[in-house]
Structure formats: C-alpha cells, structure tokens
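Working notes, structure below.
Protein chains in written order, with the numbering used here: chain R, 27 to 397; chain C, 204 to 488.
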C-alpha cells in the first residue's frame, strides 16, 4: 500500500455566470514512502490544484485521498500531517526569518534548544543562516523562497508538498540546493510531491514524474521512461529538450509488416513481429499515423533521409541541427560538431527501430527500442 | 519633477497656497472667533487684532451662559461626553460585526455574497432623511427612542459599511496562503483569523475604525431626531446657542473648536495608520 493514494480525483470549479472549469479529471496516483514525485505540466494543467487538494485548501469534487492509510480528504488542513512550501512564500511579515521557521515547529512541542538546533540546521542547508534575524520584507525573493522551503522541511510531516520550490533562485544555487534537498529527503525518508514547470528540475529532483495536461494525468513514470516510452503524443512532444520530432506518415501494408512513409526519401519498414495485436490492428485500419523520433536517436552525416539544414548550433557539449525534410522540421542532437551551413543538404540516419508510433487517438502503439 | 522649471514651481506653490487658504481660512476664523465676545465678532469691519477672552470657553465648561435675557443653562460638556460615548460605542459594535463580515466577504465566495456586501454599502448612498421618519416611528414602538443603544444602533448605518468595505480590501490584500501555512502547522481557521489575518490587517482596521469614528462624531441628523437633550451629541447641542436673545457666535465658535479638536487629532493619527496600512501590499511575496 502506498504512502499517498489519490483515487479518481475530480476537481470542478463552479462560479455563477461562468462555465464550470474541470481542473482535474479522474486522477489516480499512488506515491510510495520516501519517494519524490514531480507534478510537471504547463500552467493551468491542474498540478497546483492537485497539490492544494492534498493540503486541504481545495475540496475534492469527487474521489478520495489517503495518506498513510488514513482518509484525509475530509480532514481540516491542520490534521492532515502535511507540510507545504507555497509558491508565493507566504511568510508571516511580523516575524523574523528564525521565528517564521520555528513557528512551524510550535505544534510539535519541542524544547527550545531542539527548536533552534533544527532551525539552524535547515537554515544552513538552504543557505539562509546569515539572515535568520531579518524580517521577510527586507530580504530578496529568492531568500524568501528559501525561508518558505525551510519552514516546510523543518517539520515532521507525513508528506511534504512543494509548490515551485526553487523558481526564484539563481541557476547555480538552484543546482546546489536540489542536490542538498534530495539527499535530505532521501536520508530522512521523507515523501515529497513538488510542482514544477521546469523539466530539468523535475528530472534532477524527482524519482518519478507525473505529466499533466488539461487536468488529466498523461503519464506517471521515471524521467527515462517518459523520454524513451512516452505514453502518448502529448508526453512525446512535451518531454525532452528538444522534444521528440513528430511526423505524419502514410501507412501501407507490406508483407507481414508495414511501410511508413512521409515522402519518397522518408520511408521505413516496420516488421510485424515487433508489434502487438492491437498495434497491428490499428496500423491495418488507419491510413496515416504520427511517428516520433528522439533527436538524440538521429544519426547525422549518412543515411537515407536528406535534410535541408535550417540551423546548426553548437551548445558547448552537443550540436542541435535542425532541418527541413518532406515539409517537417527535424531536429537532431549529436555530441560532435559538423560543418554544415543553413541551406546545405545533409543526410540523416533514422533507424526503424527508433520510431515511436502513435495511433489516431494519440496513444503510443509502438515504442522505440531502447539502446 | 526634478527638472521642473522655476515658473512651474511658482505656479504649483501658488495653486497649493490658494487651495490651502480657501479650506483653512474658515477653521482659522472660527478659532479666532472663539476668543472674542459677541460684540467683537459682530463689529464691522471685522478685525484681525483684538483682545482675546476666554469667556466663551469658561461659559461652555461651567455650563452657565449669561445673555441679555438672563442666565441660560447649557449642557455642552454633557454633549461632548455623549458624542464620545455614542461614537466609540458605534465603532466598537461596528468593528465586532464588520471585521468578521469583511473577512467572510474577502475570503469566501458564497451565494448572494456580493449582493449583500453591496446592499450594506448602499446604506451610505441613501440620504438619512429617507429612513428617519419610519425609523423614528418604530423606534418609539420599540422603546429605543432617546436611548444610547438606539443611537449606537442607527450609527451602524454610518460605521458598518465603512468598516466592512475598507477592512475587506485589507483582508483581500493578505495572501490567503499565509493563513494556509498557519493552518497546515496545526491550527484551526478561527485561529488563523484571530492570530494571522486580524493582526496583519491591523493598520487597516485601525484606520477604518478611526475614520468611522469621525463620521459618527460628525453626524447630526440621526441624533437630532432620535435623541432628546441629555443624549444629544455636540453637533446637535450646538443648536442651544441659538437663543431667544440672539445667536451666541462666540460660544458656537468655542464649541466648534472643542468638538473638532478630538476628531482632528484622530485624523492626524489615522493618517499615519492609513499610510502604514496601504504599504502592507509591499510585504506580500
């Protein structure tokens, strides 16, 4: 049994005179003890609503939430044993940073020395130990965010909810804190869910990532799996930097397999053996499918696909080469530099085993082979 | 502003002076009048230089007014006390009712919420005379006529909407997440209200309270109709100086000075709170 279980959660916002907003739709999700989960999605996808329902500031329209086997969706926030860091920091203005953090420990009835020991430890971790006696109004946004984070992490709670915990921090500090927070969470086996729209942050901090869009959970998996085995077109086009190349291809039966093509140069033979029954059924029935190829899986320099280069960028450790082929934009990522200029024609190599094929409803019917 | 031309600065200074003189002159004149006898006041042409007298203030404080028609008892100090009791009573009641209501309107969206809030505000739009006649009739029926309770109650028409709408704005300015954070730390919403929301809106509540105190203090018509002599505030009490033997301008002026002073001090004090209250927004994340 999971630490946190959300069962068919629905959230509908109704306001008079306006159409109801269905923010979260039949969300099922189970988080294990000690696991760090990221809710990733664009703004308005329902990730913050989900977090706030777990914290208890939004009611659940339908469904249930259980934390450590206790049903919590009817409990007031105070009794859920949940700690949260808010996106807007929400520090108490009349209290110093130290008091703000210590405040979270008040209900735990610890000795004064224990409180100050804990406050100082967490303050050192997020590098705010030099501003403990300052008031929130005089410290920067990034510092306020770290205070808010410290105030959540200092508590003993069953679950830690972090809403965009590092959005305001400088990149360098962000990288350092990510590492420290991750090891703190791991060391104390804390279960945490954080909301972010930053894929790098999600991959760096989370064990598993929930990708949400339009209030619907698209996929809940590790970063590697999201990249290699996207559940649908949305995940394929959302995850990865740059995201997967998507091309619409014509489907033709060819012996026991299928031939996918997007123009004379771009054709692939997919053998029927690697496909399951359902995938074969879909491919036999539809005239066209969406096909996805990870940019990292494309070879550059030789191959059957002729691409007219649009841009060739060296990013210091990899090249992003974008070009046009059969009316589609293809991006390849390779670890070395090549001497291609815009307008040149370069050959790209795409192996049929690296194709992800998506059915007409957007669901992935065949994943690319990993390796 | 820094590169304003000399002419511009002179013009601005002149305009400010003009406005200041226009609005401040009557107050200065009243102050001067309060130190003159009726004869000195009614002199034509009036003089700026005169021999000041404290007779007006003495008469007010002792309660004995000597006129040509004989000695007249005046109850000015009693009126001043009434003003104080009625206004502070009204403000305390309005704060007790208005602050929780303002919080509810700011935090919760409920059916007819906006309508109720607007209806309460609309009490300020209606001319008091509109409601006074029916009000005085059923105040007589209820036995509330000429009681402190009755007047404090009717003053809610003045104080409650003011407090409700000002304080509501302050509550809306406080991020609800500050209360949420407090509640997650193991506190109920009522604790979040009393320990977080009210203290944070403190300057706003103080400003609204002081402002409505001034409005209640300055009210005339409600007390004129609903209160008899011993419950009347200064605004109505000043009518006593229109006597059979003439209008006692000197005493009126002194009475005005005495009754304006507390509200003027309050206004100066509230100004500080208003500024402090308005800067609360800067604290938000």
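Here a beta-carbon is modelled for each residue, glycine too, at the ideal position from N, C-alpha and C.
Within the same chain, 270 come within 6 Å of residue 320 of chain R by CB-CB distance, once the 5 residues on both sides are set aside. With a threshold of 16 other beta carbon atoms within 10 Å, residue 230 of chain C falls short and is exposed. Inter-segment contact for the region 286-306 of chain C and the region 341-361 of chain C is present: three or more beta-carbon pairs are separated by less than 8 Å. Contact check for residue 317 of chain R and residue 286 of chain R: beta-carbon distance about 6 Å, within the 8 Å limit, so the pair qualifies.
Within the same chain, 381, 382, 385 come within 7 Å of residue 399 of chain C by CB-CB distance, once the 5 residues on both sides are set aside. Our two residues, residue 153 of chain R and residue 66 of chain R, have alpha carbons roughly 26 Å apart in a direct line. Residue 284 of chain C counts as exposed, since fewer than 16 other beta carbons sit within 10 angstroms of its beta carbon. For the C-beta of residue 108 of chain R, the chain C residues within less than 8 Å are, from N- to C-terminus, 387.
At a cut-off of 7 Å between beta carbons, residue 380 of chain C contacts chain R. For residue 245 of chain R, the three-state secondary structure derived from DSSP is strand.
C-alpha of residue 429 of chain C to C-alpha of residue 422 of chain C: approximately 12 Å in a straight line. Residue 303 of chain R sits in a helix when the DSSP states are folded into three classes.
The Cβ atoms of residue 106 of chain R and residue 241 of chain R lie no closer than 7 Å to each other. C-alpha of residue 69 of chain R to C-alpha of residue 223 of chain R: approximately 7 Å in a straight line. With a beta-carbon spacing of about 10 Å, residue 231 of chain R and residue 200 of chain R fall beyond the 8 Å limit used to define contacts.
For a Cβ distance threshold of 9 Å, residue set 118, 119, 120 of chain R lies close to residue 403 of chain C, ordered along the chain. DSSP, reduced to helix, strand and coil, places residue 351 of chain R within a strand of the structure shown. Between residue 404 of chain C and residue 374 of chain C, the C-beta spacing is below 7 Å. When secondary structure is reduced to three states using DSSP, residue 215 of chain R falls in the coil class, being assigned neither helix nor strand.
Comparing C-alpha distances from residue 250 of chain C to each of C:390, C:377, C:240 shows the shortest one belongs to C:240. At a cut-off of 7 Å between beta-carbon atoms, residue 410 of chain C makes no contact with chain R. At a C-beta separation below 8 Å, residue 132 of chain R has these neighbours in chain C: 388, 389. For the beta strand (DSSP E) assignment, the uninterrupted runs of no fewer than 3 residues enclosed by the region 58-121 of chain R are, from N- to C-terminal side, 62-66, 88-93, 108-111. In the DSSP annotation of this structure, the continuous segment of the alpha helix (DSSP H) that includes residue 414 of chain C starts and ends at 405-421.
Legend: CB atoms of the region 68-89 of chain R lying less than 7 Å from CB atoms of chain C belong to residues 81, 83.
Taking 7 Å as the threshold, the shortest C-beta distance from residue 114 of chain R to chain C falls below it. Sequence-distant Cβ neighbours of residue 469 of chain C in its own chain, meaning closer than 7 Å and more than five residues away, are 413, 416, 417.
As a beta-bridge residue in DSSP terms, residue 38 of chain R pairs with R:48.
Nearest in C-alpha terms to residue 246 of chain C, of all of C:452, C:339, C:277, C:411, is C:452. Residue pairing by DSSP places residue 30 of chain R opposite R:57, R:93 in a beta bridge. Restricted to the region 227-286 of chain C, the alpha helix (DSSP H) segments that are unbroken, complete and at least 4 residues in length are 241-245, 258-265, listed in chain order. Buried is the label assigned to residue 162 of chain R, since at least 16 other Cβ atoms lie within 10 Å of its Cβ. Checking the DSSP bridge columns, you'll see residue 239 of chain R partnered with R:242. When DSSP states are grouped into helix, strand and coil, residue 329 of chain C belongs to the coil group. Bridge partners of residue 326 of chain R according to DSSP: R:374. Counting along the chain, the unbroken alpha helix (DSSP H) around residue 125 of chain R starts and ends at 123-129.
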